[in-house]
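Numbering (this note's numbering), first residue to last: 314 to 786. All residues carry an ideal CB built from backbone N, CA and C; glycine is no exception.
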């Protein structure tokens with residue numbers, strides 16, 4: 314029997330968006346036959362779907378290899394003006410000066426491809442030839458055979474820069490199967506480089522993502538559907554009825570006292586963030602913000618899992634624990650999906666954000682999570698007094714396109730020193746609703762609305778595309 318929809322889930326954050334929101338479950342319960350292609354069919358988030366009616370799970374652990382890795386690496390040199398994109402230029406700088414790789418080719422390839430990149434303005438046929446031959450990397454007999462076996466009406470990808478997802482989109486186009494792109498994060502268009510494959514339809518979080526699609530790709534506007542963010546629907550329910558007292562008690566904190574919430578980034582992006590946190594913890598303990606303020610520090614999954622983790626941070630964080638300072642480690646699944654979060658973790662994160670006075674981070678998506686819960690956001694764009702090269706420093710993050718737009722809208726306050734940080738914290742503790750209207754506008758531009766109905770809007774779009782009723786979508 315023909316499958317209605319085939320979802321590709323290659324990343325833990327996509328699993329959160331598609332599985333933990335009930336999106337796929339509601340499609341299946343509504344009679345749609347759903348297939349899921351994933352590198353890890355044993356991921357815990359898929360447990361409830363293994364015996365579910367109308368859902369089939371297929372494993373496809375497409376090995377990237379040196380050939381595929383090199384293809385994904387060099388694309389930015391052939392297709393982008395990397396000097397004008399801080400996120401892509403940082404990747405180039407990192408590869409030259411800071412990459413831990415000892416592989417001979419990986420040590421020199423950035424120099425080689427940058428030399429080619431510099432020639433392209435004079436010899437544009439270099440780029441044209443690369444585009445013409447790109448299919449050689451994406452064509453996969455194994456993937457095509459799997460897609461033929463599933464036989465879907467619609468293929469949905471969420472992370473098109475992933476090698477597996479790009480190959481499936483390529484196979485779908487070759488087979489004449491309609492495709493939909495539903496991005497899992499706000500920075501994908503401006504920070505990941507040109508997508509290897511495009512789609513027939515696109516779901517955008519809000520106006521900003523819609524405008525970025527139009528700016529960077531030749532997409533008919535009617536094929537872009539603004540829906541909001543399904544996994545942020547959780548925040549609306551929590552905002553209306555928060556339940557965090559028991560979480561604070563479990564962390565050893567007092568539910569009756571105010572607290573800050575610091576969401577960390579990877580050391581790759583903010584190498585001195587741990588020093589900022591240690592200094593802030595010391596000042597809180599000494600009563601710099603009063604005798605009651607507490608602090609919860611939440612490491613990013615990048616801090617504890619994967620190639621960007623730094624295990625030396627874990628001990629330093631654990632040493633901070635006191636009756637006023639707590640560390641809340643993310644609940645991760647054992648999975649081949651990067652940063653696959655347990656079902657309970659989103660609810661926990663949402664409630665801890667709902668109870669905080671201020672959310673601090675160096676440039677994470679948690680900024681938008683916090684705005685969904687009407688919490689002010691402070692971005693720590695400094696290095697705790699240490700001299701750090703700009704291209705390694707947290708200072709560079711606010712210059713990335715997605716964060717620059719967010720800050721320009723007033724979604725977060727940027728601080729560039731300890732003194733500015735303390736001043737901003739004190740100000741928001743005294744007036745939590747300061748600039749609330751501006752923050753609400755930023756949220757609307759990023760996420761369309763916060764009515765808790767984003768999942769339902771996505772469902773309507775998917776059903777309309779299946780029915781070829783694009784006006785309804």
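Residue i, buried or exposed, once every other Cβ within 10 Å from all chains shown has been counted against 16
i	result
residue 404	buried
residue 751	exposed
residue 554	exposed
residue 638	buried
residue 389	buried
residue 694	buried
residue 356	buried
residue 675	buried
residue 631	exposed
residue 785	Any reading at residue 785 needs caution, since the residue's pLDDT is 46, under 50, leaving its predicted position unreliable; the model's value is listed next. Answer is exposed; the Cβ neighbour count stays below 16.
residue 506	buried
residue 744	exposed
residue 781	exposed
Coarse secondary structure for residue i, derived from DSSP in three states
i	result
residue 468	strand
residue 699	coil
residue 720	helix
residue 760	helix
residue 309	The structure shown does not extend to residue 309, since the chain is modelled only from 314 through 786, so no value can be given for it.
residue 713	coil
residue 462	helix
residue 592	helix
residue 607	strand
residue 674	strand
residue 632	coil
residue 661	helix
residue 369	strand
residue 574	strand
residue 363	coil
residue 530	coil
residue 451	helix
residue 537	strand
residue 583	coil
residue 747	coil
residue 627	helix
residue 493	strand
residue 340	helix
residue 513	coil
residue 800	With the chain covering only 314 through 786, there is no way to say anything about residue 800.
residue 314	coil
Cβ pair residue i, residue j closer than 7 Å
i	j	result
residue 523	residue 532	no
residue 518	residue 542	yes
residue 463	residue 321	no
residue 334	residue 544	yes
residue 325	residue 659	no
residue 289	residue 642	With the chain running from 314 to 786 in the structure shown, residue 289 is simply not present.
residue 457	residue 485	no
residue 373	residue 350	yes
residue 587	residue 629	yes
residue 450	residue 384	yes
residue 624	residue 705	no
residue 504	residue 400	yes
residue 353	residue 649	yes
residue 690	residue 680	yes
residue 571	residue 606	yes
residue 726	residue 737	yes
Whole-angstrom distance between residue j and residue i, CA atom to CA atom
i	j	result
residue 551	residue 757	19 Å
residue 327	residue 478	12 Å
residue 696	residue 735	15 Å
residue 712	residue 579	17 Å
residue 500	residue 715	6 Å
residue 777	residue 468	14 Å
residue 657	residue 547	11 Å
residue 421	residue 409	8 Å
residue 314	residue 441	41 Å
residue 453	residue 476	11 Å
residue 788	residue 747	The shown model of the chain, from 314 to 786, leaves out residue 788, and the question about it has no answer.
residue 368	residue 346	6 Å
residue 661	residue 330	16 Å
residue 594	residue 633	7 Å
residue 394	residue 576	32 Å
residue 763	residue 771	14 Å
residue 732	residue 601	12 Å
residue 663	residue 510	34 Å
residue 589	residue 603	19 Å
Rounded Cβ spacing between residue i and residue j (contact assumed at less than 8 Å)
i	j	result
residue 557	residue 488	At roughly 48 Å, the Cβ-Cβ gap does not stay under 8 Å, so residue 557 and residue 488 are not in contact.
residue 436	residue 391	Residue 436 to residue 391, Cβ: 12 Å. No contact.
residue 465	residue 669	That belief does not hold up - the Cβ atoms of residue 465 and residue 669 are roughly 42 Å apart, past 8 Å.
residue 759	residue 699	Their Cβ separation, rounded to whole angstroms, is 32 Å, which puts residue 759 and residue 699 out of contact at 8 Å.
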